[in-house]
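Here is the structure we will look at.
Protein chains: 4
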Amino acid sequence: MSTPLTPVMTIDEVNSFIDENFPQINDGGRCYFFDNVEPGVAIVRLEPDDRHLRPGETISGPTLFALADFAAYVVILAHIGPVALAVTTSLNINFLRKPTLGPLECRCRIMKLGKRLCVVEADIHPAGGGDSVAHATATYSIPPR
Amino acid sequence: MSTPLTPVMTIDEVNSFIDENFPQINDGGRCYFFDNVEPGVAIVRLEPDDRHLRPGETISGPTLFALADFAAYVVILAHIGPVALAVTTSLNINFLRKPTLGPLECRCRIMKLGKRLCVVEADIHPAGGGDSVAHATATYSIPPR
Amino acid sequence: MSTPLTPVMTIDEVNSFIDENFPQINDGGRCYFFDNVEPGVAIVRLEPDDRHLRPGETISGPTLFALADFAAYVVILAHIGPVALAVTTSLNINFLRKPTLGPLECRCRIMKLGKRLCVVEADIHPAGGGDSVAHATATYSIPPR
Amino acid sequence: MSTPLTPVMTIDEVNSFIDENFPQINDGGRCYFFDNVEPGVAIVRLEPDDRHLRPGETISGPTLFALADFAAYVVILAHIGPVALAVTTSLNINFLRKPTLGPLECRCRIMKLGKRLCVVEADIHPAGGGDSVAHATATYSIPPR
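Chains as they are written, first to last, in the numbering used here: chain U, 1 to 145; chain V, 1 to 145; chain E, 1 to 145; chain B, 1 to 145.
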């Protein structure tokens with residue numbers, strides 16, 4: 001539960017900002033897609049390719065970490081704007097189930113947006129629905145504005 | 001998101017089990033109340049008293065930890081039954097807001113119930129509703145049955 | 001590894017500050033003892049009594065959490081002084097082994113002391129030596145000075 | 001503190017096993033180097049290249065996560081042998097300082113090696129020495145042998 005938050009950037013503004021400032025996130029071909037924002041929440045989709053796979057037809061742990069971390073960055077950016085860059089200070093991730101191949105969706109929710117710290121929850125599950133494959137909570141430091 | 005789970009103990013059965021096996025949890029007067037279970041979820045209420053307070057009229061961090069840990073134990077017990085005792089192997093807690101005095105509710109949700117490990121999410125907020133004061137994820141080891 | 005830090009309070013000054021400001025930590029009889037500080041490190045001893053026990057002759061999880069959190073508070077206080085009160089923002093604890101009855105020692109080490117955040121590592125083991133029973137890392141927010 | 005452990009594989013055996021079973025870890029050019037093992041400890045070096053960088057001349061968070069996770073896998077493999085594959089169940093990472101460009105060393109220590117779970121601590125610092133840039137603790141599930 002949390003007091004309602006209001007995004008201050010549109011999806012297009014966030015995507016443009018990412019493309020300009022973090023082009024390397026989609027190096028080797030666009031794989032992250034951000035097209036869904038709600039108050040306090042952003043959903044980022046990963047369309048995995050060979051870069052993200054491990055033998056046994058599964059998606060690697062670092063790929064799931066990177067998706068949670070990127071989606072958390074996106075939800076914070078959408079709610080505080082591009083004036084300040086949030087920096088990850090800690091992240092705790094639980095790997096719940098072996099992900100099958102195919103698109104994953106990360107639903108990221110702001111649990112607290114303070115002046116100096118933002119705490120976010122990220123749930124990763126198959127894009128079409130299904131049991132969560134990973135769950136993370138992370139803290140970001142917000143530089144003085 | 002998770003596949004629906006089914007409780008295997010009633011609220012009364014859980015409470016009797018706790019009273020018999022963990023009487024010390026309510027030492028100094030009953031403070032934990034468990035009266036709400038849903039598939040995969042349990043809600044435990046803490047009615048704090050002097051034991052749980054810190055100067056500045058707030059509830060102590062160890063009290064919030066103990067509430068999350070106990071509620072997690074309860075939701076697992078309700079879903080696996082009293083045959084095996086779950087043991088906390090790790091717990092990550094984020095303190096989000098200073099709790100005001102008054103009853104707190106911990107909503108605990110099973111994220112994964114495996115044969116050997118159970119991963120649980122716990123959200124602590126004022127009993128009447130309001131912003132979360134703490135959020136935890138924890139892993140429990142389930143002895144072989 | 002970390003750049004050497006220098007304590008700014010003596011052990012006696014820390015103990016006096018704790019006794020004045022957090023007398024409730026030793027409610028029911030003194031159980032926490034702080035008598036060892038080194039650059040970046042503090043060691044706090046817990047002499048457990050009935051309050052801290054669980055059936056099966058073990059020390060409870062919340063007791064280990066409280067010891068880690070208190071020792072972290074002490075090491076930060078000793079290194080930044082009493083002008084600002086650090087507040088726990090997150091804590092991750094791994095329970096490694098069932099503690100036997102008897103005094104426990106928590107060795108707490110500052111991993112980073114920034115202007116706004118302090119990150120601490122805490123290792124809990126039997127006071128006489130032996131395998132660790134719990135290990136925690138925690139982040140504290142330091143109010144503007 | 002922990003009871004001494006004994007590696008059961010040599011460095012060469014571990015490297016051969018990794019090359020055969022996880023060739024993709026060094027896709028795009030060898031970047032991970034494992035040439036140091038002690039009882040309970042392994043040290044893995046990362047020689048970063050363009051893949052691992054972020055604008056601002058720093059090494060990305062997912063790169064640090066991947067290094068900690070890989071080094072933890074290596075230390076466990078070296079101590080339990082190739083008969084069973086450890087799977088990451090949870091990982092908590094604190095980002096302490098912005099890493100400068102250049103080789104990083106991850107020192108990974110087993111805190112507990114149980115029958116079913118292994119808990120590991122990982123410290124990442126510049127290869128030549130210096131303040132830690134990240135610290136992680138992680139839990140791995142060990143399949144029945």
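In this text, a Cβ means the ideal position worked out from N, Cα and C, and glycines have one as well. Computed from a predicted model, the values in this text were never measured in an experiment.
Own chain, CB closer than 7 Å to residue i, minus 5 neighbours either side, in chain order
i: F70/E; result: I25, Y32 and V44
i: T88/E; result: D69, A138 and Y140
i: V75/E; result: V41, A42, C108, I110 and V120
Helix, strand or coil at residue i according to DSSP, with G and I counted as helix
i: S132/E; result: coil
i: A71/U; result: helix
i: A149/V; result: As shown, chain V starts at 1 and ends at 145. That puts residue 149/V outside it, with no answer to give.
i: A138/U; result: strand
i: R107/B; result: strand
i: A127/E; result: coil
i: D49/E; result: coil
i: T100/V; result: coil
i: T58/V; result: strand
Status (buried if at least 16 other CB within 10 Å, exposed otherwise) for residue i
i: E20/B; result: exposed
i: R109/V; result: buried
i: S132/V; result: buried
i: V14/B; result: buried
Span of the alpha helix (DSSP H) around residue i
i: S16/B; result: I11 to N21
Between the CA atoms of residue j and residue i - distance to the nearest angstrom
i: M111/U; j: T100/V; result: 18 Å
i: G61/V; j: I124/V; result: 12 Å
i: H135/E; j: L67/U; result: 28 Å
i: L77/E; j: R54/E; result: 31 Å
i: H79/V; j: V8/V; result: 5 Å
i: E38/B; j: A86/B; result: 19 Å
i: A72/V; j: L91/V; result: 10 Å
i: G28/U; j: G81/B; result: 36 Å
i: I18/V; j: T6/U; result: 43 Å
i: G129/E; j: G114/B; result: 20 Å
i: F22/B; j: E57/B; result: 28 Å
i: D12/U; j: F34/U; result: 9 Å
i: D153/E; j: V83/U; result: With chain E covering only 1 through 145, there is no way to say anything about residue 153/E.
i: P144/V; j: T10/E; result: 50 Å
i: S16/B; j: I93/U; result: 29 Å
i: R97/E; j: R97/B; result: 31 Å
Other residues of its chain near residue i: CB distance less than 6 Å, five sequence neighbours each side excluded
i: V119/V; result: M111, K112 and T139
i: E47/B; result: C31 and P103
i: E121/B; result: R109, M111 and T137
i: N36/E; result: I43
i: P4/E; result: P39
Close-in-space but distant-in-sequence residues of the same chain around residue i (CB under 8 Å, 5 per side omitted)
i: P126/V; result: P99, T100, G102, P103, L104, E105 and V133
i: G52/V; result: Residue identity check: residue 52/V is His in the sequence provided, not Gly. Excluding residues within five positions, the ones whose Cβ falls inside 8 Å are C31, L46, I59, S60 and T63.
i: F95/V; result: G61, L64, V133 and A134
i: L117/E; result: T89, T139, Y140, S141 and I142
Host beta strand (DSSP E) of residue i (start-end)
i: N26/V; result: Per DSSP, N26/V belongs to no beta strand (DSSP E) and is neither H nor E.
i: V206/V; result: This structure leaves residue 206/V out entirely; chain V is present only between 1 and 145.
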